[in-house]
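J.: Just add 197 to wherever you are in the sequence shown, counting from 1, and you've got this note's numbering.
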Amino acid sequence: MIDIRRMTPQVGTIVEGIDLRKLDDATFTTLYRTWLECNVLVVRGQELQIGDFLDYSRRFGWLEPHPSKSTRHPDCPEVTLLGVNKFRPDGQLDMAVYRRGAEGWHTDGAYDQEPFKATQLYALAIPSRGGDTLFASMYAAYDALPERLKQRLGTLKGAYVYGGRRKKTALLNPEDRNKNPAFHPIIRTHSETGRKALYFDPGKILRIEGLDPEESDALIDELTGYMIQPGTEYRHQWRKGDVVIWDNRCSYHKAAGDYPPEEDRIHWRVSIKERAGTH
Ligand SMILES: O=C(O)CCC(=O)C(=O)O
Ligand SMILES: [Fe+2]
């Protein structure tokens with residue numbers, strides 16, 4: 198029996214009692230609609246081969262290899278390995294791998310002209326404690342903006358690159374580190390729900406176009422303060438076999454990054470776009 202449980206009013210639903218390897222179209226449609234409503238969809242208890250994970254992920258959109266080439270699965274470029282090769286040859290913990298996604302609240306792929314529609318993870322190994330992923334609603338962030346800020350943001354656009362203002366590009370190959378920025382309206386309308394969201398990523402934004410640098414930095418700080426609205430957070434405690442997809446058009450996330458480093462925390466990850474071949 199399929200069991201669908203909302204975790205918070207806005208973000209997060211947990212589904213149990215289905216096998217994603219044998220998912221009929223009607224059930225997928227239910228899952229997809231639920232996901233659009235609650236931004237983050239967790240399906241528990243799966244035993245997937247890599248092909249099963251890819252087949253299920255492709256039902257959401259186009260899978261694009263992530264720009265971090267060094268963390269791609271060796272046989273399958275669409276799959277990124279999270280938590281693999283955490284220790285360098287000299288035994289040092291590689292913080293870029295261990296703390297990936299834990300630097301702050303963010304949305305994935307804002308550095309592309311067409312940002313990622315979704316990101317999906319499959320949990321292969323989960324530590325005994327820590328290592329949660331946190332989520333929050335961009336719709337709630339938009340709704341919380343004072344009218345004055347909504348007016349000011351109007352059609353302003355943010356300029357984004359992978360490394361942002363701090364130039365954090367450790368996971369990229371040198372040839373991929375100096376791409377041109379991508380521009381996105383900060384008030385962004387979701388292409389499927391039609392709802393407005395505060396589309397924003399303080400770690401990847403360079404500047405807000407059309408403002409002088411001090412004004413831009415000040416507005417970035419101000420917007421950062423609106424990102425996470427109380428009551429919209431969902432904290433996912435992973436179990437092995439969980440499949441979790443989040444909508445990057447209407448949710449922020451971050452990894453807690455706090456698990457015992459000597460333990461494994463390993464996921465397969467795919468980046469999903471609305472359309473093929475769009476960077
Ligand atoms: O490992 C996690 O919990 C999430 C990491 C992350 O930010 C991502 O995969 O986009
Ligand atoms: Fe992320």
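We treat Cβ as the ideally placed atom computed from N, Cα and C, and that holds for glycine.
Taking the alpha carbon of Thr421 as the point to measure from, which residue in His303, His464, Arg436 has its own alpha carbon closest?
T.: Numbered from its first residue, the sequence shown carries residue 421 at position 224. Closest by alpha carbon: His303.
J.: If contacts are defined as beta-carbon pairs under 8 Å, then Ile463 and Val281 qualify, I think. What distance do you get, rounded to the angstrom?
T.: Start at 1 with the first residue of the sequence shown, and residue 463 comes out as number 266. Start at 1 with the first residue of the sequence shown, and residue 281 comes out as number 84. That belief holds up - the Cβ atoms of Ile463 and Val281 are roughly 6 Å apart, short of 8 Å.
J.: I'd like the span of the beta strand (DSSP E) that includes Pro382, first residue to last.
T.: The count along the sequence shown starts at 1 and reaches residue 382 at position 185. Residues 379 to 382.
J.: With contact counted as at least three CB pairs below 8 Å, one residue from each stretch, are the stretch 284 to 298 and the stretch 372 to 392 in contact?
T.: They do not touch, by the three-pair rule.
J.: Spell out the partners DSSP gives Ile402 in its beta bridges.
T.: Mapped onto the sequence shown, residue 402 falls at position 205. Bridge partners of Ile402: Tyr357.
J.: Along the chain, where does the beta strand (DSSP E) containing Ala394 start, and where does it finish?
T.: The residue given as residue 394 occupies position 197 in the sequence shown. Start and end: 393 to 395.
J.: Looking at the strands, I want to know which residues DSSP matches up with Val467.
T.: Walking along the sequence shown from the start, residue 467 turns up at place 270. The partner list for Val467 (beta bridge, DSSP) reads Gln317.
J.: Report yes if the CB atom of Asp164 is closer than 8 Å to the CB atom of Ala307, and no otherwise.
T.: Here the chain has residues from 198 to 476 only, and residue 164 is not among them.
J.: Excluding five sequence neighbours on each side, which residues of the same chain lie with their C-beta closer than 6 Å to the C-beta of Gly400?
T.: In the sequence shown, the residue the question calls residue 400 occupies position 203. Result list for Gly400: Glu300, Gly301, His303, Gly361, in chain order.
J.: Contact between the stretch 348 to 366 and the stretch 246 to 256 is defined here as three or more beta-carbon pairs at a separation below 8 Å; is this criterion met?
T.: no
J.: Could you check how far apart the C-beta atoms of Leu238 and Val212 are, in whole angstroms? I think they sit under 8 Å.
T.: Stepping through the sequence shown from its first residue, residue 238 is reached at position 41. Stepping through the sequence shown from its first residue, residue 212 is reached at position 15. With 8 Å as the limit, Leu238 and Val212 qualify as a contact, their Cβ atoms being about 7 Å apart.
J.: Under a criterion of Cβ closer than 5 Å to any non-hydrogen atom of ligand 2, which residues qualify, in chain order?
T.: Gly298, Asp305
J.: Starting from Asp200, trace the beta strand (DSSP E) in both directions and tell me its first and last residue.
T.: Counted from its first residue, the sequence shown places residue 200 at position 3. 200 to 203 is the extent of the beta strand (DSSP E) around Asp200.
J.: Do Thr366 and Ala452 have their C-beta atoms within less than 8 Å of each other?
T.: Taking the sequence shown and counting its residues from 1, the one referred to as residue 366 is at position 169. Taking the sequence shown and counting its residues from 1, the one referred to as residue 452 is at position 255. Result no, Cβ atoms of Thr366 and Ala452 do not sit closer than 8 Å.
J.: Could you compute how far the alpha carbon of Asp161 sits from the alpha carbon of Pro458?
T.: Any question about residue 161 goes unanswered here, given that the chain covers just 198 to 476.
J.: On the DSSP letters alone, give me the boundaries of the beta strand (DSSP E) that Tyr449 sits inside.
T.: On the sequence shown, residue 449 is found 252 positions in, with the first residue counted as 1. Looking at the DSSP string, the run of the beta strand (DSSP E) that includes Tyr449 is 448 to 452.
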